[in-house]
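Protein chains in written order, with the working numbering: chain W, 14 to 136; chain L, 4 to 412; chain Y, 208 to 382; chain U, 661 to 768. Where a beta carbon is used, it is the ideal one built from N, C-alpha and C, also for glycine. Everything numeric in this text was worked out from a predicted model, so none of it was measured.
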Amino acid sequence: MSQLIPVFALAGFVIFFGILLVLVAALFGPKPKASKMKSMSYECGLVGEGQETTKVPVKFYLTAILFILFDIEIIFMYPWAIAYSDFIEAGQGLYIFGAMAVFLAIFIFGLFWEIRSRALEWE
Amino acid sequence: MGSDIFEVGVNFGKMVLIFVMMVQIVPLLVWVERRGSAFIQNRFGPNRVGPLGLTQLLADAVKFIFKEDFLPEKSHRLVFYAAPIMALIPAALAFAAIPLSMPIEITQFEMLGSIWGPYRFVFQGYEIGIGIVFVLGVSSLAAYSLLMAGWASSNKYSLYGALRASAQTISYELALGLSLVGILLLFNTFNFQEIIVLQDKALAFSFFGQEVSLGWLPNWGVFYQPLGAIIFFAAMFAECNRLPFDLPEAEAELVAGYHTEYGGLKMNMFYIGEYGHMLVASALMVTFYFGGYSLGPWLTEETVNGLSQWIVESISPTIVYLMDIPFPESFAAIFEASQNKVNILTAFVFHGVFLGKVLIFLWLFVHVRWTLPRFRYDQLMDLGWKTMLPWALANTILTAIVVLVMRMN
Amino acid sequence: MMSAIFFYILATLILVFAYKTITANNPIHCALYLAITMINLAFLFFGLNAPFIGGVQLVVYAGAVMVLFVMVLMLFDLKSEIRAFSRGLFSGLLKIASAGLIFGILSNAIFKTGDLLGLASGGPGMPDPAGTSRDLAIMLFTKYLFAFEALGLLLLLVAVGAVAVSRIKGGTHAN
Amino acid sequence: MPISGVLLDVGINHYLVLSALLFTMGMIGVLMRKNVIVILMSIELMLNAVNLTFITFSTYNANLNGQIMVFFVMTIAAAEAGVGLALAVAIYKKFKEVNIRFFEQLRG
């Protein structure tokens, strides 16, 4: 709890500072007349298309979903790593290693299946 | 209640200091980067404004303030302005969780007519018990600022840049998170302070019941986890979107990536975020693998303590002697030698050690940028998923087996 | 005193952003507001002496799941919806009423049984925040080992399933 | 031993009421919204409300089972979001539609 007040204070301070910078930029900057050509999005001098016709590869999405699943598996390893030595000292080293070995086998199988199935190929 | 206010004041001061430290590292790093690249490429770099071009960045900052505040058409105003603010948050929050020097005990002392109680001062924004998970979680928020900036700009290159950047960030986060499991297996704690204390001694471990001791080496993580250190550092490059992983900003393809439409101070805020991320990366590298603020057997706490005791005791009488002017009684304490001053001086020496190590890694960031060419995007993703992730897994399994063999009796 | 103020600030933030999540017209705004809600909830978990769960909330929910949502929404049509809510005045009222009913039942249960359990005033004790992560890990790998392995299998199945869905005819990656 | 927790001053009921409010909001979102992805987000909101209840009871009872349950709930929620979004993307790619009304007509 007492650890959390500084976290919030810092977050609040950073947000305040950021808003201040944005405001300063808005206040001190010159304000020339807006024109159609100028406010167009910059796409290398061509007439800007904006994002409405943009086709985005869905590949990114598959990467994100695989990321979530592997991320959770990695997060599961953290408590294991923390308690590993405790188990070893209690004489249950092989038990805890075996418990994680099964999990890791599933993890490795999943990873290599994804690689084999070419789900992670980028052309 | 008084102590509460004292604590809140100290905390607030620390927060401001840490944030200022992060913001101030940016002009310094930009200067180092420009001069360093000029040095590497046999050019001059900025050398006109001020000595060695040092005030070039000050001039730049002034210029940034007076740039036009530009909002492209069809952009989403709120998200467009929120993205650069969001870029500042992860690095600042993560940096404040890293201990910058050893904690010091302040004994009771009297100043300005009142007594200030015993106080434990930590050179750390906040002592958070699960430091590693907290830092990982906070720095995973960095993907939002990229996505927000890219989407709100209403520019297709920005959108591509943002998607590339965020896909790259999250892909390398896996290798990053997995390479830390080895460190956790070794030290069995999430707490940065405890990790550093465990590294602050001579290298010693038991191997099949035999004590192996190498007194001349510190007990650093890098000696146990060389592969993990390499994977961690490479993943950190990708997390910071630095060359050779700076695909989101591949100029030839994507203009300037997700911050194409940003200018002036708002673009500068993205830079603060990026360099702040580099600072966090270096600090984490130092904390996990290179002993944090400690130097193990090369510079023990007793040595520094003795040294600072000598300094304080020899300097204080000199000042009192030299300043032979009557100053108010309440200020007299400032110039007297005391254990508190020795402790503070020691902490500052260790803080210097920490900063030195961090600077070495920051220079490495700059050096690598001007040494290696950029990856292609498919090579980048292949490296992350098919090379670094399996190697990080192998590192984890190997560490687990070795720890099991070594610690089982 | 301080902690009460802290709680009320967090609770207000959570409720405001949760409300924004379900009312914002643009789905991307919804996702961003939901991310802020989840970050605030993570801080609430830190305050409730569950720091590891708070960290996991940050890493998994705020750092992964919501990023996936935002990315998917960017792949979709970028125009905001013209009508975000389902139509029909009567059915709308019915829906609100049923949600209110659920809330009434829940709060009734909370206030009726709080005293019954003897938890409303302090409770028997809290877990020590320093030791919780390790105790949690030990419990996870003894009592809940089977569930843990089963979840590993579930994650594998979901990974395979996601790739399979993207491969089916008309799927995301069909040629 | 002094307990360093938020609950020092606010009772358990505050947390439970907050959780109930969040759950109700999530439920309203599920019922009222049309976009299937926003509905998935509302479900996440409801799951988060349940997590908050678990953590609250876990802390007040000094019992870690609740925290482990939250860990599992998070895993399942992430898996559910992944599969749900995969299906939504697949349907969107085929029919260009994310309205939940449209999903009723999918057959076979």
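Neighbour list for residue i in chain L, Cβ cutoff strictly below 8 Å
i                : result
Ala-38 (chain W) : Phe-67, Ile-68, Lys-70, Asp-72, Gly-267, Leu-268 and Lys-269
Paired residues, beta bridge with residue i - DSSP
i                 : result
Ile-109 (chain L) : L:Tyr-122
Asn-759 (chain U) : U:Asn-695
Pro-221 (chain L) : L:Ala-205
Phe-292 (chain Y) : U:Arg-693
Host alpha helix (DSSP H) of residue i (start-end)
i                 : result
Tyr-380 (chain L) : 380 to 385
Glu-277 (chain L) : 267 to 292
Phe-283 (chain Y) : Looking at the DSSP string, Phe-283 (chain Y) is not in any alpha helix (DSSP H), and its letter there is neither H nor E.
Asn-247 (chain Y) : 234 to 254
Gln-171 (chain L) : 159 to 190
Glu-127 (chain W) : 106 to 129
Tyr-91 (chain W)  : 72 to 102
Arg-410 (chain L) : 392 to 410
Leu-19 (chain W)  : Correcting the residue identity first, residue 19 (chain W) is Pro in this sequence and not Leu. Unbroken alpha helix (DSSP H) run through Pro-19 (chain W): 17 to 41.
Val-372 (chain Y) : 352 to 374
Ile-131 (chain L) : Segment: none, Ile-131 (chain L) is in no alpha helix (DSSP H) and carries neither H nor E.
Ser-340 (chain Y) : 339 to 347
Tyr-147 (chain L) : 145 to 155
Met-53 (chain W)  : Counting along the chain, Met-53 (chain W) falls outside any alpha helix (DSSP H), and DSSP gives it neither H nor E.
Residue i, buried or exposed, once every other Cβ within 10 Å from all chains shown has been counted against 16
i                 : result
His-280 (chain L) : buried
Phe-348 (chain Y) : buried
Gln-27 (chain L)  : exposed
Val-20 (chain W)  : buried
Thr-321 (chain L) : exposed
Ser-328 (chain Y) : With a pLDDT of 48 at Ser-328 (chain Y), under the threshold of 50, the modelled position of that residue is not reliable, and the figure given next carries that caveat. Burial call: exposed.
Phe-840 (chain U) : Coverage of chain U is limited to positions 661 through 768, which leaves residue 840 (chain U) absent and any answer about it impossible.
Leu-34 (chain W)  : buried
Asn-315 (chain Y) : exposed
Gly-355 (chain L) : exposed
Ala-371 (chain Y) : exposed
Leu-166 (chain L) : buried
Lys-350 (chain Y) : exposed
Pro-258 (chain Y) : buried
Gln-44 (chain L)  : exposed
Thr-719 (chain U) : buried
Gly-180 (chain L) : buried
Trp-301 (chain L) : exposed
Arg-46 (chain L)  : exposed
Lys-17 (chain L)  : buried
Pro-443 (chain L) : Outside the modelled stretch of chain L, which goes from 4 to 412, sits residue 443 (chain L), for which no answer is possible.
Under 7 Å by beta carbon: chain Y residues contacting residue i
i                 : result
Ile-703 (chain U) : Near Ile-703 (chain U) there are no residues of chain Y at all, since even the closest Cβ is about 11 Å away, more than 7 Å.
Val-758 (chain U) : Phe-283
Gln-727 (chain U) : Ala-257, Ile-260 and Leu-343
Leu-32 (chain L)  : Simply none; closest approach about 26 Å.
Amino acids of chain W, ordered along the chain, whose beta-carbon sits closer than 8 Å to that of residue i
i                 : result
Thr-719 (chain U) : Result: empty, since nearest Cβ-Cβ is about 12 Å, beyond 8 Å.
Met-278 (chain Y) : Phe-73, Tyr-74 and Ala-77
Within chain W, the residues that residue i reaches when beta carbons sit closer than 7 Å
i                 : result
Ile-345 (chain Y) : Ala-96 and Asp-99
Thr-735 (chain U) : Ile-85
Val-749 (chain U) : Val-71 and Tyr-74
Ala-366 (chain Y) : Leu-79, Leu-82, Gly-123 and Glu-127
Phe-253 (chain Y) : Leu-17
Leu-352 (chain Y) : Ala-112
Ala-271 (chain Y) : Phe-80, Ile-81 and Asp-84
Leu-724 (chain U) : Ordered by position in chain W, no residue passes the 7 Å Cβ test against Leu-724 (chain U), which lies about 11 Å from the chain.
Listed by chain order, chain L residues near residue i by CB distance under 9 Å
i                : result
Phe-26 (chain W) : Phe-15, Met-18, Val-19, Phe-22 and Ala-95
Partner residues on chain U for residue i, Cβ-Cβ distance less than 8 Å
i                 : result
Lys-302 (chain Y) : Ile-688, Leu-691 and Met-692
Closer than 7 Å at the beta carbon, the chain L residues around residue i
i                 : result
Ser-340 (chain Y) : Ile-133 and Phe-193
Ile-235 (chain Y) : Trp-154
Interface residues of chain Y facing residue i [CB-CB closer than 8 Å]
i                : result
Ile-88 (chain W) : Val-263, Val-266 and Val-267
Leu-33 (chain W) : Per Cβ cutoff of 8 Å: no residues; Leu-33 (chain W) is ~20 Å from chain Y at best.
Interface residues of chain Y facing residue i [CB-CB closer than 9 Å]
i                 : result
Ser-169 (chain L) : Val-274, Val-277 and Met-278
Can you list, in chain order, the stretches of the alpha helix (DSSP H) that have 4 or more residues and sit fully within the stretch 40 to 80 of chain L?
59 to 68
Whole alpha helix (DSSP H) elements within the stretch 333 to 372 of chain L, 4-residue minimum
342 to 372
Report the start-end ranges of each alpha helix (DSSP H) in the stretch 701 to 766 of chain U that is 4 residues or longer and not cut off at the edges.
725 to 755 and 760 to 763
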